[in-house]
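Number of protein chains: 2
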Amino acid sequence: MALEQSLAALSLATVSSPDALATKTLIFKPKTAKNAVPVPVLVFALASTETPSKVIASAAGVKEPRLARDDLIQEFFSTSSKEVSIANLNASLAGKIKLLVDSAVLAAEDSILELSTELAKAQLPAKTLVDFINSTGIEVTSVDFAAEASAAPAAAPTQKAEVAKKDKSAGKIEDAKLIGITVDKVKDFSSWYSQIVTKGEMLDYYDVSGCYILRPNSYFVWEEIQNWFNIEIKKLGVQNSYFPMFVSQRVLEKEKDHIEGFAPEVAWVTRAGSSELEEHIAIRPTSETVMYPYYAKWIRSHRDLPLRLNQWNSVVRWEFKHPQPFLRTREFLWQEGHTAHLSQEGAMEEVDQILELYKRIYEELLAVPVIKGKKTENEKFAGAAYTTTCEGFIAATGRGIQGATSHHLGTNFSKMFNISVENPDGPEGSRVHAFQNSWGLSTRSLGVMIMTHSDNKGLVLPPRVAQTQVTIVPVGLTAKTTKEEREAINSGAKSVEQSLRDAGLRVIADYRDNYSPGWKFADAELKGVPLRVEFGPKDLAAGRVTAVRRDNSKKYEVGLTELATRIPEILEEMQVEMLENARADFDKHRIVVDEWKDFVPTLNAKNVILSPWCGVPECEDDIKDSSATKDDGEEAEQDERAPSMGAKSLCIPNDQPTLKEGQKCVRCDKPAIQYCMFGRSY
Amino acid sequence: MALEQSLAALSLATVSSPDALATKTLIFKPKTAKNAVPVPVLVFALASTETPSKVIASAAGVKEPRLARDDLIQEFFSTSSKEVSIANLNASLAGKIKLLVDSAVLAAEDSILELSTELAKAQLPAKTLVDFINSTGIEVTSVDFAAEASAAPAAAPTQKAEVAKKDKSAGKIEDAKLIGITVDKVKDFSSWYSQIVTKGEMLDYYDVSGCYILRPNSYFVWEEIQNWFNIEIKKLGVQNSYFPMFVSQRVLEKEKDHIEGFAPEVAWVTRAGSSELEEHIAIRPTSETVMYPYYAKWIRSHRDLPLRLNQWNSVVRWEFKHPQPFLRTREFLWQEGHTAHLSQEGAMEEVDQILELYKRIYEELLAVPVIKGKKTENEKFAGAAYTTTCEGFIAATGRGIQGATSHHLGTNFSKMFNISVENPDGPEGSRVHAFQNSWGLSTRSLGVMIMTHSDNKGLVLPPRVAQTQVTIVPVGLTAKTTKEEREAINSGAKSVEQSLRDAGLRVIADYRDNYSPGWKFADAELKGVPLRVEFGPKDLAAGRVTAVRRDNSKKYEVGLTELATRIPEILEEMQVEMLENARADFDKHRIVVDEWKDFVPTLNAKNVILSPWCGVPECEDDIKDSSATKDDGEEAEQDERAPSMGAKSLCIPNDQPTLKEGQKCVRCDKPAIQYCMFGRSY
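Okay, here's the thing in structure tokens:
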């Protein structure tokens, strides 16, 4: 049972607090005699507490506790390892399991605890939780892991390893500054990412699960995307507009294939003030059904075509999967373009024009390389004739990610909504249905940008879209520095600031005297400021500044007289090199695999794959199943963080390797008709 | 009982159709012998059907039917004249009333009818309605008003007048072109307005009641406002951001005074897909309670102040009052700024800076004059220390309208949400709460602009914000025109088009040969294009164009060589004069009234009033009650469209007339402390 439901079932009220203490629930299976009923050990501890299995073993009085497999967890807690938590305890388990609770939890009586499963988080008062545990009547063994651990000799490596894997603190960066990122991008990507986005002040978590606050540092990037895209689509004759966020049930469900894809995620307004609404009203998950009845009304003649409207809005898809900042959120910002054309050629041309604009947003603004291609039948947009896409790649996890999609809807919707005109080229009175497109790019693009460039020091933002492009830090001021020197440095820094502003750059200068330059450097690095400009006594003497690039720490000495030209050049170099580096990464990890035996190993080595493929949907399903990590426990223990999902088809790239004569499908015996890009994905 | 409820109670399913036939429900009281129980006559007809009382009299067999007063309507239909409709019939009325139904309604069996009350509209199939009427068992008299009317001699003027007042077709413009506006702005403002916004393609009605579609013609104006305002607020150090549209019940209700103002209008999401949500989630009616918990988290030290965030979003207030395009809509677009300051002076200074920006948006962009002032205690924003406002005026109805508000919140919210920092100037460890502001401008501003400038030919848009500033129309092409001449005209028009584009103007040219120039003129006038540029044989010969201003039809002859300078000048003149004219109107109708006896008459003459006032809330309530039109029937008959509401205080203008020595309050005997602006309002 999922966390939210469990808590609801227990009617444990959740709360929300920025200071909640993270916790973990671990379930171990001790070594048990054949045929004996195993007695699992459930360990509930602060996430920050090390819980070596040696300590668990002695506290629980068992041998060689190992992380329990799914079947055991199902048997005892009737839920999966992904969803199990302390909230799955119940009276019927009394006597059947052993329960170890971190003494630090019991001591934290007045604080808020955060329960986590792989799929969800929830916060509630420690007291509520302890009362609940006691209410189950299960005997609680309090364990002071810290003390025990230091007392006990080092556990055997394998065991320690197991626990370490479950314990997120494994990814800890040894010398991390307090204000900085404390986990390693490669070792613990998901914790790293949530630190990056929050400490980099891109967003903050919100008390409605799955919703996030876009702070100025990220919203500015979105505004830059909006400004650029608006100019380009207006050149194509697209106009902006705004349609209501609400859609009536009757209308929403008009296009059956289409709504099937969204129905489970639609949020419904059923009440206003204290009165129940007669008809329940949906919040748009996308606006096809909102807009097209009016297209039918407005489009009276072929002269009204093409009709090209775009809107910048937010849509709501109430996913129950684990939400992730920018990538999977219940409300997200996007633009959605909806156009109607007289000729299919015209419509299809636009699909490609828009896809190219999306590629340019990723590559020219966000410095993120993408591959243009077409979705397979399985993966296309519900209701579309075909879907084109820009696919990105997150090197740190080896997973593909859909960047933006441009759909040709054919006449699927225009027939449903009767968007038709008299055929100017047909016989008197004959009518034709409009050919339609819809296309969208969302704030997910910001997540891809962040995951691609950022590092263990914090965010790395491409100069073109960074709210702050340059930060100026006076340096070399010590106790010995004379008042005159100090003034000279500060006023010098101020004039540097001014000349960079005059050059049209977005600059801040950090003159705070209660922070050391080192602290200011770390702060600017955390927030992803592309260029740091230092100005100290040496610089003053030499009539220059020292500039340091955020992405590679490369140092430049720039004369005060050439600031206005040289600094913008450096920023442009950085923008270009960030894209080149990311592209090199993507290219290195996009591997052609012709034979199935190499498929899964290549996938597990954090690559996406280009394989010859037959194009048959069933074969695609088979590839997905066959490439999923089998849940045989052992493997799960070897790398607990490896995504167990199978490889999805990401796209059929426009840019195709040439098929060999008589090349077979990578998976089945049918002949391959094209190369398809497969990968684990977000 | 309100229309929606009535229909719900009858479980009559409503529908939505752009082609619904408007209807009217009229209730008449025949001349009755003293003490005899009156038998009201209910007439249900298509809105377009003339229903002279002469015909009603003969069909119902009664004498001198006159529009019934509220008390009678209450007695028989237990609802007000504002809310009565055919849906208020019920079996208990059988034999007690007479029911006349327009034969055109009975003939319209397959169409959709729109029921209207003064407060609401609803659409349902004619068949459903007829079945319902029959189900009441009330005897129906079918009347062919058209035939009867032409047969019957003209009814006595007074009677005819009465009916005409109720019948919206009274405002009809005689020679209205089919594509144009068919009702008069002064005679029937509300029908005029809904034609203006729809035929001018500013918006379209949407099938969720109270929601509207902003079409490119209006959204462009909003984008111009956004672009201008963003530049100005960023100069003040405001940053844009985006907060979720959802807020949990617990958080929403944290600030009691504040939420009281919104609770009845909050839309609640209770279901996602097929699962009920554990906690119901509100859609923001405004974002104070959404944002401030995070202000408390982010603001750690006085160095984090001021924090100034703005967001462009939509909010939802599920009003049950009669919705009106732009002015009262259940979802609307706005910006909301929320700032926190260390010093109250700093906060209060910003309140004024923002209010001035709002004034400039109205006056410099929308050419709408506004009065800056302060709201009274009764009218201030819930939870604010004080509210400043820009108040506009709609001359056609003589009603004031709130343009935009800038609130100083004092520490009301910062105390509630504990937004506090250590006091840098206070003793060690002492803390101070932040002083906060919030300020907002919505798409309502577009409605004010439209109501102010537009006329019986259609929209009039101020040049600075018009999506299309100039339309070019080739003229003087007849059957006799030679091919060469035709080509010369068209290519000449094209080069005019190009040189105006090069001058940075937003231009369209209308070369369609299936429409006459006259039709094109009317079309451009309807859509509010500020300047029409005609180019015909005479112009070609004289090397000039003929430009015609939309607002006053003033003609200009502009040489081809001076297009790039002269046309922009003309547009600027127009922009300035539109504001001057609107200001003159406002000034003429803002009247100083020192004595109560002049108050209501001045109000009824479509003015707003400046009166010396004591500033006591109870006195304000008294003014409102005492200035409301008494519902004594007679008066209602004299001007059925006069708003019956009383005069609200609009604001205490910053710019005050000087109070006379010992001046008393206009209403009570207390001494006046200032002048206050009162008026009926939107």
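Each protein sequence line maps, in turn, to chains S and C.
The first sequence runs contiguously to residue 832 in our numbering.
The second sequence runs contiguously to residue 832 in our numbering.
Positions of the beta carbon are idealized from the N, C-alpha and C atoms, including for glycine.
Query: Would you report the Cα separation of Lys747(S) and Ser776(S), rounded to the nearest angstrom?; Result: 11 Å
Query: Using a Cβ-based criterion (distance less than 8 Å to any ligand heavy atom), does Lys246(C) qualify as near the ligand FAD?; Result: As for the ligand FAD, it is missing from this structure, which has no ligand bound.
Query: Let me know if Asn702(S) comes out buried or exposed under the rule of 16 or more other beta-carbons within 10 Å of its beta-carbon.; Result: exposed
Query: Leaving out five residues on either side along the sequence, give the residues of the same chain with a beta carbon under 7 Å from the beta carbon of Lys677(C).; Result: Gly350, Glu351, Asn367, Gly608 and Leu609
Query: Residues bridged to Val293(S) by DSSP?; Result: Asp252(S)
Query: Counting only the same chain and skipping the five closest in sequence on each side, list residues whose C-beta sits under 7 Å from that of Ser592(C).; Result: Phe482, Leu483 and Trp484
Query: Can at least three beta-carbon pairs, one atom from the stretch 627-645 of chain C and one from the stretch 361-378 of chain C, be found at a separation below 8 Å?; Result: no
Query: In the DSSP assignment, what are the bridge partners of Phe567(C)?; Result: For Phe567(C), which the question treats as bridged, DSSP gives no partner whatsoever.
Query: Compute the distance between the beta-carbons of Phe476(S) and Leu386(S), then report whether it is under 9 Å.; Result: no
Query: Please confirm whether Val447(C) has its beta-carbon closer than 9 Å to some beta-carbon of chain S.; Result: The sequence given here places Lys at residue 447(C); Val does not occur at that position. With 9 Å as the cut-off, Lys447(C) counts as an interface residue toward chain S.
Query: Ala183(C): which of Lys213(C), Phe194(C), Glu811(C) and Lys277(C) sits nearest, CA to CA?; Result: Lys213(C)
Query: What first and last residue would you give for the beta strand (DSSP E) that runs through Ala490(S)?; Result: Glu481 to His491
Query: DSSP on Pro475(S), reduced to helix/strand/coil?; Result: coil
Query: Give the interface partners of Ala413(C) over in chain S, defined as CB-CB distance under 9 Å, in chain order.; Result: Gly423 and Ser424
Query: Out of Ser580(C), Leu611(C), Phe396(C) and Lys248(C), which one is the CA nearest neighbour of Ala209(C)?; Result: Lys248(C)
Query: Determine the burial state of Ser580(C): buried for a count of at least 16 other Cβ atoms within 10 Å of its Cβ, exposed for fewer.; Result: exposed
Query: Name the chain C residues whose beta carbon is nearer than 9 Å to that of Trp418(S)?; Result: Val419, Thr420, Arg421, Ala422 and Gly423
Query: Met395(C) touches chain S at which residues, Cβ-Cβ below 9 Å?; Result: Cys361, Met395, Ile433, Ser464, Val466 and Glu481
Query: Less than 9 Å between the beta carbons of Leu153(C) and Lys277(C), yes or no?; Result: no
Query: Report the option in Gln461(C), Arg830(C), Ser341(C) and Val358(C) whose CA atom is closest to the CA atom of Leu389(C).; Result: In the sequence under discussion, the amino acid at residue 389(C) is Gln, which differs from the Leu named in the question. For Gln389(C), the nearest C-alpha among the options comes from Gln461(C).
Query: Quick one: what does DSSP say His603(S) is sitting in, helix, strand or coil?; Result: helix
Query: Near Ile511(S), what residues of its chain come up, given a Cβ to Cβ distance below 8 Å and the 5 sequence neighbours on each side ignored?; Result: Ile375, Trp378, Phe379, Ala554, Leu591 and Ser595
Query: Against Val358(S), what residues of chain C qualify as contacts under a CB-to-CB distance less than 8 Å, listed in chain order?; Result: Pro394, Phe396, Val397, Ser398 and Ile431
Query: Can you tell me whether Met841(S) is helix, strand or coil according to DSSP?; Result: This structure gives no information on residue 841(S), because the portion of chain S shown stretches from 151 to 832.
Query: Along the chain, where does the alpha helix (DSSP H) containing Glu374(S) start, and where does it finish?; Result: Pro366 to Lys385
Query: If I measure Cβ to Cβ from Tyr825(S) and keep anything under 8 Å in the same chain, skipping five residues before and after, which residues do I get?; Result: Val742, Leu760, Ser761, Pro762, Trp763, Ile802, Pro803, Gln806, Pro807 and Leu809
Query: Counting only beta-carbon separations shorter than 9 Å, does Ser391(C) have a partner in chain S?; Result: yes
Query: Could you pull the start and end residues of the alpha helix (DSSP H) that Ala210(S) belongs to?; Result: Ser203 to Ala210
Query: Kindly say whether Arg833(C), judged by its beta-carbon, lies nearer than 9 Å to any beta-carbon of chain S.; Result: In the structure as shown, chain C begins at 151 and stops at 832. Residue 833(C) is therefore absent and cannot be evaluated.
Query: Shortest alpha-carbon distance to Arg458(S) belongs to which of Ser261(S), Ser344(S), Ala584(S) and Ile717(S)?; Result: Ala584(S)
Query: Which residue or residues does DSSP assign as beta-bridge partners of Ala659(S)?; Result: Ile622(S)
Query: Is Gln617(C) close to chain S? Criterion is C-beta to C-beta, closer than 9 Å.; Result: yes
Query: What are the boundary residues of the alpha helix (DSSP H) that Asp735(C) is part of?; Result: Leu713 to Lys738
Query: Taking only three categories from DSSP, how would you classify Lys820(C)?; Result: coil
Query: So is Glu684(S) buried or exposed if we call it buried at 16+ other beta carbons inside 10 Å?; Result: buried
Query: Looking at chain S, is there any beta carbon in it that lies within less than 9 Å of the beta carbon of Leu838(C)?; Result: The structure shown does not extend to residue 838(C), since chain C spans only 151 to 832, so no value can be given for it.
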